[in-house]
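Chains as they are written, first to last, in this note's numbering: chain G, 267 to 579; chain P, 112 to 530. By construction, the Cβ of each residue, glycine as well, lies at the ideal position given by its N, Cα and C atoms. Small disclaimer: the values here were computed from a predicted structure and weren't measured. For reference, the structure discussed in these notes is given below.
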Amino acid sequence: MRGEHVRTAGRVGPLRLARAESARERAVTLVLLACAAITILTTVAVIFVLARETFAFFLDPAVTVWGFLTDRTWTPLFADKTFGIAPLLAGTFLVTGIALIVGVPMGLASAIYLSEFATERLRRRATAVLEVLAGIPTVVLGYFALLFVTPLLQQVIPGLNLFNPLSAGLVMGFMILPTVSSISTDAMQAVPGSLREAGYGLGATKTDLIMRVVLPAALSGIVAAIILAMSRAVGETMIVSLAAGQRPLLTLDPRETIATMTSFIVQAATGDQPAGSLASRSLYAVAATLFAVTLVLNVVSQAIVRRFRERYE
Amino acid sequence: MSDGQRLAEQLPPAKVDMFDPGGANTRRRARNRRLFTWVTGLPIILAIGLLAILLFDIVTDSFSWQLIEPRNSGVSFSLGDGFRFGGTWERVVTLDLQAQGRDQQEIAATLGDPEARRVYGARNRVELMLWAEGMPLRYVVTSSRDKHLEDYTLAQGFSRRAELESAVEPGQLFYLNPWLDLAFFAKNASRTATMAGLGPALAGSIMVILLVILISVPLGVGAAVYLEEYATDTWFSRLIELNLNNLAGVPSVVYGILGLSVFVRGIGLGPVVLAAALTLSLLVVPVVVIAAREAIRAVPGTLRQAAYGLGATRSQVVGKVVLPNAIAGITTGVVLAVARALGETAPLLLVGAAAFVPRLPDGIMSIFTALPIQIYAWVSENDVEFTHVASAAIAVLLAILFVLYAIAFWLRRRFGRTA
């Protein structure tokens, strides 16, 4: 992927430099290298911080790794503390699931439209709309979910709590729509023209062509888009903090108030937990779990994208 | 016989498809295709609809009809009177105090004493209401100790205005309050919704964003230049690249935890502007790097070769050829990064931005609040009046973001293809 010019630049680079100049060049190189290295330092710092506090958390006699993974309640902020991450994981994946159910079909459909049907002009405009949608701060979307979507849904669905994963998930579906749409559009446009021509040559209609040629050929890119969107939804904080609630409950009922990993992190951090206390450390354990989940999703998504690129470039 | 029918008779008969003599198949295919186009285009219409509803909701929510029982004189006077008084605050205060039954000497004493003026100003406010006492655009003197009786939405107020106005008892005021007015920008935080304003949040956001630009732009552009112009394909540069991709996918709340552990507690900055700016800078550096790399890659190699041919060193080529030619793309990236940083809430919550800051931040080591934090706090109040304040704040935030996006789009259109 390295640009052509870099190699060329290396080849025609100056043969000999005055000593002062070469010292200056080295200094510039070092400074630039340091800038790039800071990005690595960030990752190292994240892992170090999370690992250290999580380790301290599990060393506490009140906590066991087994209990963390299997207990069915999560009450670190109560007097009677239990540390089972299951309710938070369930909450996170409930909201994420609803978001994917809403966002993926819509994102895919709009990608098909933008890639196969829209004129260039329309595509530019629609892309701009989707970018604006993607750029709306999530705290605003949380406000919208809590104060507009929830009251609306409460009129239709009896027993819907004020804080519920349903409206959070619905709004989050629109949040991930641009992600699914833009990456899938790219994947579909990367399908070579020869495949399309072959399809038309066999007498396919445009509908046949999209369903039987373009979508299968772009599948890896689409899967990558969905996984990336999932990672976004898992890590999303403000919509769930405002609209889904902060009560860890092991349920799959979308009408109940729940808590997610991210909303617990916000709850624990904005309360007055003294640093170093068990409750404060539980925040790091949750954050480490969150980081691990999103990291795995991102790595898988990138691996799929890389394979897909090798096929068509 | 219509023109169309006559024309159709003159035309030679259409070729009959051997496999589809009635044309039913062709019509079915055409119908399917139309249906398919509509179904796939629908989400885009839905997205536009959602944006429209969101904006409509926010704008209408930043107005409300209120019924109050004023604690001060409760005088209101017309826009014309306001101008006749020279619009001066003193004149309004005088009127209010007169209506409260104070005599000239007391009024002069209040106006002459800075402390008394401050106390009066902290509790009372002169607001231009869109509708009050059955007339449009009237000034109303409100106070933090007013008793708020009812709050009606914009639509409720309009549809039931006559009924509601006739029900107003003596000693009560009924008006249409535009929560997003000029005073909203200047007012400080307050426990009373009508007195709460954006002052500290705006100042905090601006300070944080300026620092973020100062920190993240050199870092991001530096890293981009290194990756595009200096790095050879070694394990190290590949590691940096892989890492950048992963960093872009790390949830922002995790950056908040990093900021909390390293900047706030680790090096002991505390929950201050600088700690927030450093945290957000780490968050947006990948955005800047990705944009800057794209812009640098778009600079034609021939320009570089020409510069090298003239004997320029590598840093000279970067400084005098590559960066000046990539500046538009880099600026676009920076604008988008700023937009991202401006709306980020979770990292600031973790770093410890305060929900209630009664004064403007006075330096980079000052505690602070920011626009999204203030919005979060106001929404969490779970109070109908604070909902209006939150809507007004969201309107301001979205307006700033739209300006930023407009700049980015304009830059991309203006320089995107030529770069």
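Contact with chain P by residue i, beta-carbon distance below 8 Å
i: I312 (chain G); result: It is Val, not Ile, that sits at residue 312 (chain G) in the sequence shown. V312 (chain G) counts as touching chain P.
i: P280 (chain G); result: Residue placement at P280 (chain G) is poorly supported in this model, since its pLDDT is 49, which falls under 50; the coordinates are not used for a value here.
i: L396 (chain G); result: yes
i: E291 (chain G); result: yes
i: S376 (chain G); result: yes
i: V361 (chain G); result: no
i: A535 (chain G); result: yes
i: V479 (chain G); result: no
i: F429 (chain G); result: no
i: T336 (chain G); result: no
Residue-level contact to chain G via CB, residue i, 8 Å cutoff
i: D257 (chain P); result: no
i: Y341 (chain P); result: yes
i: L434 (chain P); result: no
i: I478 (chain P); result: no
i: N143 (chain P); result: yes
i: G360 (chain P); result: yes
i: V364 (chain P); result: yes
i: S372 (chain P); result: yes
i: I368 (chain P); result: yes
i: P469 (chain P); result: no
i: T443 (chain P); result: no
i: T498 (chain P); result: yes
i: Y263 (chain P); result: no
i: S316 (chain P); result: no
i: S327 (chain P); result: no
i: F147 (chain P); result: yes
Bridge-paired residues (DSSP) for residue i
i: A243 (chain P); result: P:M246 and P:Y286
i: I478 (chain P); result: P:V383
i: R349 (chain P); result: In the DSSP output, where bridge partners are listed per residue, R349 (chain P) has none listed.
i: R236 (chain P); result: P:T253
i: K258 (chain P); result: P:E180
i: Y487 (chain P); result: In DSSP, Y487 (chain P) forms no bridge with anything.
i: Y341 (chain P); result: Y341 (chain P) pairs with nothing; no bridge assigned.
i: Y263 (chain P); result: P:W176
Own chain residues within Cβ distance below 8 Å of residue i, not counting five before or after
i: V331 (chain G); result: F324
i: R387 (chain G); result: none
i: G503 (chain G); result: Before going on, a small fix: residue 503 (chain G) reads as Thr here, not Gly. Excluding residues within five positions, the ones whose Cβ falls inside 8 Å are T404, T528, S529, I531 and V532.
i: F374 (chain P); result: L380, L385, A386, L389, T390 and V462
Residue i beta carbon near the ligand ZN (any heavy atom closer than 7 Å)
i: D257 (chain P); result: Here there are no bound small molecules, and the ligand ZN is not part of this structure.
Own chain, CB closer than 7 Å to residue i, minus 5 neighbours either side, in chain order
i: T320 (chain G); result: Y550, A551 and A554
i: V251 (chain P); result: S187, E238, M240, A243, L284 and Y286
i: G501 (chain G); result: T528, L556 and T560
i: L471 (chain P); result: G310, P311 and A314
i: A335 (chain P); result: V400, A403, R404 and I407
i: Q420 (chain G); result: L426
Spatial neighbours of residue i in its chain, beta-carbon cut-off 6 Å, leaving aside the 5 residues before and after
i: S301 (chain P); result: A307
i: V368 (chain G); result: L436 and G439
i: S381 (chain G); result: T451, M454 and Q455
i: R523 (chain P); result: T443
i: P357 (chain G); result: Reading off the sequence shown, one finds Gly at residue 357 (chain G), where the question assumed Pro. If we look at G357 (chain G) and ignore the five residues flanking it on each side, its Cβ neighbours are I524, A525 and T526.
i: E576 (chain G); result: Low confidence applies to E576 (chain G): its pLDDT is 49, below 50, so where it sits in the model is not reliable enough to give any reading.
i: G276 (chain G); result: Bear in mind that a pLDDT of 45 at G276 (chain G), under 50, signals an unreliable position, so the number given afterwards is only what the model happens to contain. Hits under 6 Å: none found.
i: N436 (chain P); result: V410
i: S189 (chain P); result: R249
i: P431 (chain G); result: L360, V361, A510, P520 and I524
8 Å Cβ cut-off: residues of chain C touching residue i
i: N356 (chain P); result: Absent here is chain C; the protein component of the structure consists of chains G and P.
Exercise. For the segment 278-293 of chain P against the segment 232-250 of chain P, are there 3 or more C-beta pairs whose distance is under 8 Å?
Worked result: yes
Exercise. Can you find at least 3 beta carbon pairs, one from the segment 479-495 of chain G and one from the segment 428-446 of chain G, that sit closer than 8 Å?
Worked result: yes
Problem set entry | At least three beta-carbon pairs within less than 8 Å, the segment 456-476 of chain P to the segment 387-396 of chain P | yes
Problem set entry | Runs of beta strand (DSSP E) lying entirely within the segment 168-234 of chain P, each at least 3 residues, in chain order | 174-180 and 187-189
Problem set entry | alpha helix (DSSP H) runs contained entirely in the segment 329-364 of chain G, provided each spans 4 or more residues | 331-336
Exercise. Would you call the segment 169-178 of chain P and the segment 251-268 of chain P touching, i.e. three or more CB-CB distances under 8 Å?
Worked result: yes
For this session: Count the C-beta pairs between the segment 477-487 of chain G and the segment 409-417 of chain G that are closer than 8 Å, then say yes if the count reaches three, no if not.
Result: no
Exercise. Quick one: complete alpha helix (DSSP H) runs, 4+ long, within the segment 401-481 of chain G?
Worked result: 404-410, 416-422, 431-455, 459-467 and 472-475
Exercise. Touch check for the segment 342-361 of chain P and the segment 486-505 of chain P: three-plus C-beta pairs under 8 Å?
Worked result: no
Exercise. Is there contact between the segment 361-370 of chain P and the segment 334-352 of chain P, where contact requires at least three CB pairs shorter than 8 Å?
Worked result: no
Exercise. Is the segment 136-149 of chain P close to the segment 216-232 of chain P, with three or more CB pairs under 8 Å?
Worked result: These segments do not touch.
Exercise. Quick check: the segment 507-521 of chain G against the segment 385-402 of chain G, are there 3 or more CB pairs under 8 Å?
Worked result: no
Problem set entry | the segment 562-572 of chain G contacting the segment 538-545 of chain G, beta-carbon criterion three pairs below 8 Å | no
Problem set entry | Secondary structure, alpha helix (DSSP H): runs of 4+ residues fully inside the segment 392-468 of chain P | DSSP assignment within the segment 392-468 of chain P yields the following whole alpha helix (DSSP H) runs of 4 residues or more, N-terminal first: 412-420, 425-428, 434-454 and 457-462.
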